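Only one structure is covered here, and it is reproduced in the block below.
In this note's numbering, the protein residues as written are 1227 to 1568.
Okay, structure coming up:
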């Protein structure tokens, strides 16, 4: 079954309040789109390539679809549905654009009925709808792109989402899904990710990952790829980090646990271990981060008195590697190995 897009068939001439036969995926009722059953046309989603780029104040999504029509020529209304703002960690969508066979196409914004005919409530609000012709026995290529603000489910975490469950309207399973995630954020790392069952995950470059999934059968219309972002130093609350709670000083890490860090983020975590022991950094960016910026947020060695952070960052001009614990030495070595792989 398929993806992000939901098949819609508007009524031919006038608006109706009843469902028309079995040759439509959506019908109009009271000015709203209402989904019907899946798999009622011979059009399959053979492949989709999803690119998610994480930026500071927004994330951008670009998706390329390949459809194949096994039956007669069909002209359908294709809809891109989206969530209500703020529900389930969803943000607001902007700059939506779409193409068919490399030609940019226009679209309209339609409301979706809040209670679908499946007797299940949905948080989907509207759909961007455009008309697409699917020639018989041929491949049709489509593309969408948009920007979205990050959603939130807790003060410390932000979330990027991509709705793929609506693709279940197409015939059969989604053939192949390629997901590429690029993290351009400096201090926000991927702390968790929800995906369809996948065949492989690989690191493409220092800040990009590629996930391959095949024969995807969404369980619900609202199934999402969800990327959860947190502080690169693992702090779940206000940015007051102390050695006793810093994850890289407490437990031995693993390559799997470091998978979703960018190369630059791995460097920051590795050097944070040294910062807790007063290492006098030579790189200007590390000096600014650990000796100045982090001190303003209550970095290790300072105290909060009368509403202000006081005390000097604990630099140690006589620093020695022997100050590191066995766990910290292990983690420094492992992180450096992971950096060199990127």
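All C-beta atoms, glycine included, are put in the ideal place defined by N, C-alpha and C.
Note that the coordinates shown come from a computational prediction; the quantities given were computed from them, not determined experimentally.
Only counting the same chain, and skipping five residues up and downstream in sequence, which positions put a Cβ closer than 8 Å to that of residue 1432? What you label residue 1432 is simply residue 206 of the chain shown in a count that begins at 1. 1488, 1489, 1490, 1568, listed in sequence order.
Taking only three categories from DSSP, how would you classify residue 1280? For this step, residue 1280 is matched to residue 54 along the chain shown. Residue 1280 falls in the strand class under three-state DSSP.
Among 1556, 1282, 1355, 1419, which has the Cα closest to the Cα of residue 1436? Sequence index remark: in the chain shown, residue 1436 carries index 210 (1-based). Answer by Cα proximity: 1419.
Would residue 1449 be called buried (16 or more neighbouring beta carbons within 10 Å of its own) or exposed? Stepping through the chain shown from its first residue, residue 1449 is reached at position 223. The residue is buried, with at least 16 neighbouring Cβ atoms inside 10 Å.
Cα separation between residue 1561 and residue 1415? Working through the chain shown from its first residue, we reach residue 1561 at position 335. Working through the chain shown from its first residue, we reach residue 1415 at position 189. Each residue's Cα considered, the two are about 15 Å apart.
Once DSSP output is grouped into helix, strand and coil, what is the label at residue 1457? Residue mapping note: residue 1457 aligns to position 231 of the chain shown, counting from 1. It is a strand residue.
Tell me, which residues are paired with residue 1295 by DSSP? Within the chain shown, numbered from 1, the residue matching residue 1295 stands at position 69. Partner(s): 1269.
Can you tell me whether residue 1423 is helix, strand or coil according to DSSP? In the chain shown, residue 1423 corresponds to position 197, counting from 1. Coil, per DSSP.
Check the C-beta distance from residue 1407 over to residue 1424 and give it rounded, since I have them as a contact under 8 Å. Numbered from its first residue, the chain shown carries residue 1407 at position 181. Numbered from its first residue, the chain shown carries residue 1424 at position 198. With 8 Å as the limit, residue 1407 and residue 1424 do not qualify as a contact, their Cβ atoms being about 12 Å apart.
Check whether the segment 1494-1510 and the segment 1538-1556 are in contact - that is, three or more C-beta pairs closer than 8 Å. yes
Sorted by chain position, which residues of the same chain lie with C-beta nearer than 8 Å to residue 1272's C-beta, five sequence neighbours on each side aside? Here residue 1272 refers to the residue found at position 46 of the chain shown. Answer for residue 1272: 1292, 1293, 1294, 1365, 1401, 1402, listed in chain order.
Measure the beta-carbon distance from residue 1499 to residue 1550 and round it to whole angstroms, keeping in mind my assumption that it falls under 8 Å. As a first step, residue 1499 is located in the chain shown; it is residue number 273 there, counting from the start. As a first step, residue 1550 is located in the chain shown; it is residue number 324 there, counting from the start. So it is a contact: roughly 7 Å between Cβ atoms.
Residue 1474 burial status per 10 Å Cβ neighbour count (16 or more: buried): Residue mapping note: residue 1474 aligns to position 248 of the chain shown, counting from 1. It is buried - the Cβ of residue 1474 has at least 16 other Cβ atoms within 10 Å.
Quick check on the burial criterion: 16 or more other C-beta atoms within 10 angstroms. Buried or exposed for residue 1305? Numbered from its first residue, the chain shown carries residue 1305 at position 79. Answer is buried; the Cβ neighbour count reaches 16.
Residue 1406, DSSP secondary structure in three states: Locating residue 1406 in the chain shown gives position 180, counting from the first residue. Three-state result, residue 1406: strand.
Suppose the cutoff is 7 Å on Cβ atoms and the five residues either side in sequence are ignored; what does the same chain contact list for residue 1556 look like? Along the chain shown, read from residue 1 onward, the residue named residue 1556 stands at position 330. Within the same chain, residue 1556 has close Cβ partners 1478.
Can the beta-carbon of residue 1358 be found closer than 8 Å to that of residue 1368? Within the chain shown, numbered from 1, the residue matching residue 1358 stands at position 132. Within the chain shown, numbered from 1, the residue matching residue 1368 stands at position 142. Taking 8 Å as the Cβ cut-off, residue 1358 and residue 1368 qualify as a contacting pair.
Under a three-way DSSP split, which group does residue 1509 fall into? Counting from one through the chain shown, the residue named residue 1509 turns up at place 283. DSSP places residue 1509 in coil when its eight states are reduced to three.
Nearest by alpha-carbon distance to residue 1296: which of 1353, 1361, 1331 is it? Your numbering for residue 1296 matches position 70 in the chain shown. With distances taken between Cα atoms, residue 1296 lies closest to 1361.
Would you decide whether residue 1430 is buried or exposed? Buried here means 16 or more other CB atoms lie within 10 Å of its CB. Counting from one through the chain shown, the residue named residue 1430 turns up at place 204. Answer is exposed; the Cβ neighbour count stays below 16.
If you compare alpha carbons, which of 1398, 1460, 1391, 1476 is closest to residue 1444? Looking up residue 1444 in the chain shown gives position 218. Among 1398, 1460, 1391, 1476, the Cα nearest to that of residue 1444 belongs to 1391.
Which residues mark the beginning and the end of the alpha helix (DSSP H) in which residue 1336 is found? Taking the first residue of the chain shown as position 1, residue 1336 is located at position 110. Element bounds for residue 1336: not the alpha helix (DSSP H) but the beta strand (DSSP E), 1334-1337.
For the beta strand (DSSP E) that contains residue 1552, what are its first and last residues? Position 326 of the chain shown, counted from the first residue, corresponds to residue 1552. No beta strand (DSSP E) contains residue 1552, which is instead part of the alpha helix (DSSP H) from 1552-1567.
Note down the Cα distance separating residue 1434 from residue 1328, rounded to an integer number of angstroms. Counting from 1 along the chain shown, the entry for residue 1434 is found at position 208. Counting from 1 along the chain shown, the entry for residue 1328 is found at position 102. If I take the Cα positions, the gap works out to 26 Å.
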